[in-house]
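Chemist: Let me give you the structure first, and then I'll get to my questions.
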Amino acid sequence: MRYSVFSLSANALSGHRRWKRVWRDAEPAEAYDVVIVGGGGHGLATAHYLARNHGITNVAVIEKGWIGGGNAGRNTTIIRSNYGLPGNEPFYEWSMKLWEGLEQDLNYNVMVSQRGIVNLYHSDAQRDAYARRGNAMRLHGVDAELLSSDDVRKLAPFLDFESARFPIMGGLYQGRAGTARHDAVVWGYARAASQRGVDIIQNCEVTGFVQDSAGAIVGVETTRGAIRAGKVGLAVAGNSSRVAALAGLRLPIESHVLQAFVSEGLKPVIPGVITFGAGHFYISQSDKGGLVFGGDIDGYNSYAQRGNLPVVEDVCEGGMAVMPMIGRARILRSWGGIMDMSMDGSPIIDASPLPGLYLNAGWCYGGFKATPASGWCFAHLLATDRSHETATAFRLDRFESGHLIDEKGAGAQPNLH
Amino acid sequence: MAEHLIHSEQEGWALATVMARRAVGPAAVGAALELELRDEPVAVSNGAIRAIGTGPGAWLVIDTEPDHGFADALQDRLEGLASVSDQSSGYAVFRLSGAGARTALQRGAAIDFHPDVFAPGSVATTAIAHIGAIVWQVDDSPTYDVAVFRSLSGSFRHWLEETAAAL
Amino acid sequence: MRLPCPYCGDRDAQEFSYRGDAGPRRPEGEDGLFDYVYLRDNPAGPIRELWYHANGCRNWIVVTRDTRTHEVHGSSLARESGA
Ligand SMILES: Cc1cc2nc3c(=O)[nH]c(=O)nc-3n(C[C@H](O)[C@H](O)[C@H](O)COP(=O)(O)OP(=O)(O)OC[C@H]3O[C@@H](n4cnc5c(N)ncnc54)[C@H](O)[C@@H]3O)c2cc1C
Ligand SMILES: [Zn+2]
Numbered sequence: 001m002r003y004s005v006f007s008l009s010a011n012a013l014s015g016h017r018r019w020k021r022v023w024r025d026a027e028p029a030e031a032y033d034v035v036i037v038g039g040g041g042h043g044l045a046t047a048h049y050l051a052r053n054h055g056i057t058n059v060a061v062i063e064k065g066w067i068g069g070g071n072a073g074r075n076t077t078i079i080r081s082n083y084g085l086p087g088n089e090p091f092y093e094w095s096m097k098l099w100e101g102l103e104q105d106l107n108y109n110v111m112v113s114q115r116g117i118v119n120l121y122h123s124d125a126q127r128d129a130y131a132r133r134g135n136a137m138r139l140h141g142v143d144a145e146l147l148s149s150d151d152v153r154k155l156a157p158f159l160d161f162e163s164a165r166f167p168i169m170g171g172l173y174q175g176r177a178g179t180a181r182h183d184a185v186v187w188g189y190a191r192a193a194s195q196r197g198v199d200i201i202q203n204c205e206v207t208g209f210v211q212d213s214a215g216a217i218v219g220v221e222t223t224r225g226a227i228r229a230g231k232v233g234l235a236v237a238g239n240s241s242r243v244a245a246l247a248g249l250r251l252p253i254e255s256h257v258l259q260a261f262v263s264e265g266l267k268p269v270i271p272g273v274i275t276f277g278a279g280h281f282y283i284s285q286s287d288k289g290g291l292v293f294g295g296d297i298d299g300y301n302s303y304a305q306r307g308n309l310p311v312v313e314d315v316c317e318g319g320m321a322v323m324p325m326i327g328r329a330r331i332l333r334s335w336g337g338i339m340d341m342s343m344d345g346s347p348i349i350d351a352s353p354l355p356g357l358y359l360n361a362g363w364c365y366g367g368f369k370a371t372p373a374s375g376w377c378f379a380h381l382l383a384t385d386r387s388h389e390t391a392t393a394f395r396l397d398r399f400e401s402g403h404l405i406d407e408k409g410a411g412a413q414p415n416l417h
Numbered sequence: 418m419a420e421h422l423i424h425s426e427q428e429g430w431a432l433a434t435v436m437a438r439r440a441v442g443p444a445a446v447g448a449a450l451e452l453e454l455r456d457e458p459v460a461v462s463n464g465a466i467r468a469i470g471t472g473p474g475a476w477l478v479i480d481t482e483p484d485h486g487f488a489d490a491l492q493d494r495l496e497g498l499a500s501v502s503d504q505s506s507g508y509a510v511f512r513l514s515g516a517g518a519r520t521a522l523q524r525g526a527a528i529d530f531h532p533d534v535f536a537p538g539s540v541a542t543t544a545i546a547h548i549g550a551i552v553w554q555v556d557d558s559p560t561y562d563v564a565v566f567r568s569l570s571g572s573f574r575h576w577l578e579e580t581a582a583a584l
Numbered sequence: 585m586r587l588p589c590p591y592c593g594d595r596d597a598q599e600f601s602y603r604g605d606a607g608p609r610r611p612e613g614e615d616g617l618f619d620y621v622y623l624r625d626n627p628a629g630p631i632r633e634l635w636y637h638a639n640g641c642r643n644w645i646v647v648t649r650d651t652r653t654h655e656v657h658g659s660s661l662a663r664e665s666g667a
């Protein structure tokens, strides 16, 4: 079924009770050309682009729980392409361009909303750093604007501009950035992939790999039996090390928990996305009205999908410091997701040392915005055995060769990225 | 009821950190100072000086009526056993007493000050309102002393006054 | 989450800063340096890890903790456990 004005009105007349699941819940077949492990945004987008761009449709996406139950359904939905380093910026801008046409491509409303992001700065040094980042963006043809304090005041008059410790001196603004509806992104890609013949297999955990006598990966062992595959692609986000270990690989990754929070629904109060520059706090408002906010990762290895109170306190203090009016809102819910924190804070889209096995990992806390380009580039790699031109820097061997992509300059300490 | 918490800043105390050299145990350091030292978070006194346990092999040593050259004299006694650094101007020490003292501390630090687990002589190195603090109980009236870095004493006093006002 | 400091007792995790897996050993020469700096087991389950009791006794401690549940099984001073 295609969505159109007519399908919408017909369903409106029947009280929206007739909508059906828009993708097939498939049973595993014996073999596929490509098996993708992980039914988050990245895995499903990869399947979609394998079919759409490369005509490879004999594909399965294998998910241990339900699709979108991982980080795809837990993130704070911010999309942006305001990176500073040449290894990153073309890729994230490619992703932004894909977001801009995604609804037409998928025939699905993923609620992309380019409401802008402003990264606040509070010191001369920070302004210089943001000016440099903005310039780097513009050199890559990406929109960036350095705002003065007065410009920010027009945008967000409710911020605490005169705070003695963290006066708001201005911000780096990207107008094309914004948010997208995370669950819809999952369902939109699932529907598009499913329509092109991809099998989406839920409640099926990969528990091992099938190797041939030469050591190449030729399939996966799962809780629902072995499935043979021409190629296997991992897109399991926070579980990357765990799944790679089943093939005997150690990755330059640690798993960490990141928490997020949402307030009760309010009338529109925040125009776009705002990040505090003097503490870990960022915020936007969902279309339902909830203030969606978060801050730093908890900072210790975790697979528990829930965090601890120090970060709750830290995030709330950051919120109160930059935006005192948030103190009047009540927190409705908070939750955690498991990040694949890489050693330089940047992702990996590359072949593994084992023939037949490919990696899509290391997305840290920033992989939602990457979903379209990650799928596009991973599909390109799986189909052609070559990196896509925007993802050539995301190599697995860069840690050994010294070609790190360290936006923060924090070094090999994943909890500092 | 703010009168339940009495607080003041100690003046004229001499303080020094004492850190045992590698492989020197607390007994040897204690013998040189005429104190019964253990590797535990407790405060011990010999009438003249007091040692507050802040870590294995580490103490904050205090003389409340010091002679000139307190830290130098300490260093002479601990030659070859421990390193000494004068902290007399490094730390500010606040005294909290009165019925509200325990409640006030409880509002600032994430540790238990119930008398069953924290009694006269008990020590905790912790954080109060994000300010690093060494707390020890002086008597069971109760009276507590709290040492904080002097550069943060303004912030600490602010916290103390706010907390006292809200008791 | 509270961590048991062998000296200070149970303390809120906020008092500590995290270093990570206590397992990797710095090699003598260049061989193995890449593994030491960049590669991690990143286990789902018990891990021995280094924490620094910054807002406490200022000692490095080794905590055994389950990364799936955050349950803590024990701790020792790093210098005593040879970490
Ligand atoms: C609180 C929070 C806020 C965030 N905010 C943002 C943001 O604002 N902007 C942004 O760009 N990014 C953000 N992120 C990061 C982003 O969500 C992730 O980087 C991204 O979603 C990861 O890709 P994914 O969607 O494919 O992951 P996931 O949805 O986690 O998909 C991985 C899937 O693999 C499955 N899996 C794991 N092991 C196995 C196995 N053995 N067999 C089968 N399946 C398996 C999992 O069940 C899971 O469904 C945030 C993350 C969190 C947790
Ligand atoms: Zn301690």
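Residue numbers (our numbering), protein chains in the order written: chain A, 1 to 417; chain B, 418 to 584; chain C, 585 to 667.
In this text, a Cβ means the ideal position worked out from N, Cα and C, and glycines have one as well.
What do you get for Leu8 (chain A), buried or exposed, if any count of 16 or more other CB atoms within 10 angstroms of its CB means buried?
Modeler: What you label residue 8 (chain A) is simply residue 8 of the first sequence in a count that begins at 1. Per the 10 Å Cβ criterion, exposed.
Chemist: Tell me the start and end of each unbroken alpha helix (DSSP H) in the stretch 609-663 of chain C that is at least 4 residues and wholly inside, in chain order.
Modeler: 617-622, all fully within the stretch 609-663 of chain C.
Chemist: Pull out every residue of the stretch 302-318 of chain A whose Cβ sits closer than 7 Å to any Cβ of chain C, in chain order.
Modeler: Within the stretch 302-318 of chain A, the residues whose Cβ lies closer than 7 Å to some Cβ of chain C are Ser302, Tyr303, Ala304, Asn308, Pro310, listed in chain order.
Chemist: Can you confirm whether the stretch 373-392 of chain A touches the stretch 651-661 of chain C when touching is taken to mean that 3 or more C-beta pairs between the two stretches lie within less than 8 Å?
Modeler: Segments in contact, no.
Chemist: For Leu357 (chain A) versus Asp350 (chain A), is the C-beta spacing smaller than 8 Å?
Modeler: As a position in the first sequence, residue 357 (chain A) is number 357, starting the count at 1. As a position in the first sequence, residue 350 (chain A) is number 350, starting the count at 1. No, the Cβ-Cβ distance between Leu357 (chain A) and Asp350 (chain A) is not below 8 Å.
Chemist: Go ahead and label His122 (chain A) buried or exposed: buried means 16 or more other beta carbons lie within 10 angstroms of its beta carbon, across all protein chains shown.
Modeler: In the first sequence, counting from the first residue as 1, residue 122 (chain A) sits at position 122. By the 10 Å Cβ count, His122 (chain A) comes out buried.
Chemist: Quick one: which chain A residues come within Cβ less than 7 Å of Thr653 (chain C)?
Modeler: Taking the third sequence and counting its residues from 1, one reaches residue 653 (chain C) at position 69. The contacting residues are Ala304.
Chemist: Does the contact criterion of 3 or more C-beta pairs under 8 Å hold for the stretch 448-463 of chain B versus the stretch 502-510 of chain B?
Modeler: At 8 Å Cβ cutoff, the stretches do not touch.
Chemist: Using a threshold of 7 Å, is the CB atom of Trp462 (chain A) nearer than that to any non-hydrogen atom of ligand 1?
Modeler: Any property of residue 462 (chain A) remains undetermined from this structure, which presents chain A solely from 1 to 417.
Chemist: Short of 9 Å Cβ to Cβ, which residues in the stretch 601-614 of chain C face chain A?
Modeler: Residues Ser601, Tyr602, Arg603, Gly604, Asp605.
Chemist: Would you mind stating whether Ala361 (chain A) and Leu249 (chain A) have Cβ atoms separated by less than 8 Å?
Modeler: Stepping through the first sequence from its first residue, residue 361 (chain A) is reached at position 361. Stepping through the first sequence from its first residue, residue 249 (chain A) is reached at position 249. No; because the gap between Cβ atoms is not below 8 Å, this pair is not in contact.
Chemist: Give a yes or no on whether 8 Å exceeds the smallest Cβ distance from Ala499 (chain B) to chain C.
Modeler: Working through the second sequence from its first residue, we reach residue 499 (chain B) at position 82. Output row for Ala499 (chain B): interface = no.
Chemist: For the stretch 299-371 of chain A, list the alpha helix (DSSP H) runs that are entirely contained and at least 4 residues long, ordered along the chain.
Modeler: 309-322, all fully within the stretch 299-371 of chain A.
Chemist: Note the first and the last residue of the continuous beta strand (DSSP E) segment covering His256 (chain A).
Modeler: Within the first sequence, the letter at position 256 stands for residue 256 (chain A). Looking at the DSSP string, the run of the beta strand (DSSP E) that includes His256 (chain A) is 253-265.
Chemist: Is Gly474 (chain B) near ligand 1, judged by its Cβ being under 7 Å from some heavy atom?
Modeler: Position 57 of the second sequence, counted from the start, is the residue given in the question as residue 474 (chain B). Gly474 (chain B) Cβ: outside cutoff for every heavy atom of ligand 1.
Chemist: Leu48 (chain A): beta carbon under 7 Å from a heavy atom of ligand 2?
Modeler: Counting from one through the first sequence, the residue named residue 48 (chain A) turns up at place 48. According to the sequence provided, residue 48 (chain A) is His. The question's Leu does not apply to it. No; taking the cut-off as 7 Å, the Cβ of His48 (chain A) has no heavy atom of ligand 2 nearer than that.
Chemist: Does DSSP classify Cys377 (chain A) as helix, strand or coil?
Modeler: Translated into positions along the first sequence, residue 377 (chain A) becomes position 377. Correct three-state label for Cys377 (chain A): helix.
Chemist: Just to confirm the assignment, what range does the alpha helix (DSSP H) spanning Lys505 (chain A) have?
Modeler: Nothing about residue 505 (chain A) can be read from this structure; chain A reaches only from 1 to 417.
Chemist: At 4 residues or longer, what runs of the alpha helix (DSSP H) sit wholly inside the stretch 517-572 of chain B?
Modeler: Listed in chain order, the complete alpha helix (DSSP H) runs (minimum 4 residues) inside the stretch 517-572 of chain B are 518-525.
Chemist: Quick one: complete beta strand (DSSP E) runs, 3+ long, within the stretch 185-211 of chain A?
Modeler: Entirely contained in the stretch 185-211 of chain A, the beta strand (DSSP E) runs reaching 3 residues are, in chain order, 199-201, 206-211.
Chemist: Please list, in chain order, all residues with a C-beta atom less than 5 Å from at least one heavy atom of ligand 2.
Modeler: Those residues, listed in chain order, are C:Cys589, C:Tyr591, C:Cys592, C:His637, C:Gly640, C:Cys641.
Chemist: For the alpha helix (DSSP H) containing Asp25 (chain A), list its first residue and its last residue.
Modeler: In the first sequence, residue 25 (chain A) corresponds to position 25, counting from 1. Asp25 (chain A) -> no alpha helix (DSSP H), and no H or E assigned at all.
Chemist: Just list the residues that DSSP pairs Met436 (chain B) with in beta bridges.
Modeler: By one-based count along the second sequence, residue 436 (chain B) stands at place 19. Note: Met436 (chain B) sits in a beta bridge opposite B:Ala475, B:Ser500.
Chemist: Chain B partners of Asn639 (chain C), CB-CB under 8 Å?
Modeler: Position 55 of the third sequence holds residue 639 (chain C). Chain B residues near Asn639 (chain C): Thr542, Thr543, Ala544, Gly549.
Chemist: In terms of residues, what are the limits of the beta strand (DSSP E) holding Gln285 (chain A)?
Modeler: As a working mapping, residue 285 (chain A) is identified with position 285 in the first sequence. Segment 282-285, the beta strand (DSSP E) holding Gln285 (chain A).
Chemist: Beta-carbon of Asn626 (chain C) versus every beta-carbon of chain A: anything under 8 Å?
Modeler: Looking up residue 626 (chain C) in the third sequence gives position 42. Judged by the 8 Å Cβ criterion, Asn626 (chain C) is in contact with chain A.
Chemist: Would you mind working out which of A:Val315, A:Ala278, A:Val112, A:Asn53 sits nearest Thr77 (chain A), comparing C-alpha positions?
Modeler: Position 77 of the first sequence holds residue 77 (chain A). Thr77 (chain A) has its Cα closest to that of A:Val112, out of A:Val315, A:Ala278, A:Val112, A:Asn53.
Chemist: State yes or no: is the C-beta of Lys369 (chain A) nearer than 7 Å to some heavy atom of ligand 1?
Modeler: Counting from one through the first sequence, the residue named residue 369 (chain A) turns up at place 369. Answer for Lys369 (chain A): yes, Cβ within range of ligand 1.
Chemist: Is it buried or exposed, Val198 (chain A), if we count other Cβ atoms within 10 angstroms and call 16 or more buried?
Modeler: For the purposes of this step, residue 198 (chain A) is taken as residue 198 along the first sequence, with counting starting at 1. Buried, by the Cβ-count rule.
Chemist: Would you verify that the beta carbon of Ile469 (chain B) is, or is not, closer than 8 Å to some beta carbon of chain C?
Modeler: Counted from its first residue, the second sequence places residue 469 (chain B) at position 52. No - not a single Cβ of chain C is within 8 Å of the one on Ile469 (chain B).
Chemist: Measuring straight from C-alpha to C-alpha, what distance separates Ala235 (chain A) and Thr384 (chain A)?
Modeler: For the purposes of this step, residue 235 (chain A) is taken as the residue at position 235 of the first sequence. For the purposes of this step, residue 384 (chain A) is taken as the residue at position 384 of the first sequence. Ala235 (chain A) and Thr384 (chain A): Cα-Cα distance of roughly 18 Å.
Chemist: Rounding to the nearest angstrom, what Cα-Cα distance links Ala60 (chain A) and Ile200 (chain A) in this structure?
Modeler: Looking up residue 60 (chain A) in the first sequence gives position 60. Looking up residue 200 (chain A) in the first sequence gives position 200. Rounded to the nearest angstrom, the two C-alpha atoms are 6 Å apart.
Chemist: Determine the closest residue to Ala516 (chain B) out of B:Asp529, B:Asp557, B:Ala546, with distance taken between C-alpha atoms.
Modeler: Locating residue 516 (chain B) in the second sequence gives position 99, counting from the first residue. Among B:Asp529, B:Asp557, B:Ala546, the Cα nearest to that of Ala516 (chain B) belongs to B:Asp557.
Chemist: Identify the residues that DSSP records as bridge partners of Ala468 (chain B): which are they?
Modeler: To locate residue 468 (chain B), count along the second sequence from 1; it is residue 51. DSSP lists B:Val461, B:Val478 as partners of Ala468 (chain B).
Chemist: With a threshold of 16 other CB atoms inside 10 Å of the CB of Met418 (chain B), please say whether the residue is buried or exposed.
Modeler: Position 1 of the second sequence, counted from the start, is the residue given in the question as residue 418 (chain B). Per-residue confidence for Met418 (chain B) stands at a pLDDT of 48, beneath the threshold of 50, marking its modelled position as unreliable; no derived number is given.
Chemist: Is it the case that the CB of Ala583 (chain B) approaches a heavy atom of ligand 1 more closely than 7 Å?
Modeler: Start at 1 with the first residue of the second sequence, and residue 583 (chain B) comes out as number 166. No, ligand 1 has no heavy atom inside 7 Å of this Cβ.
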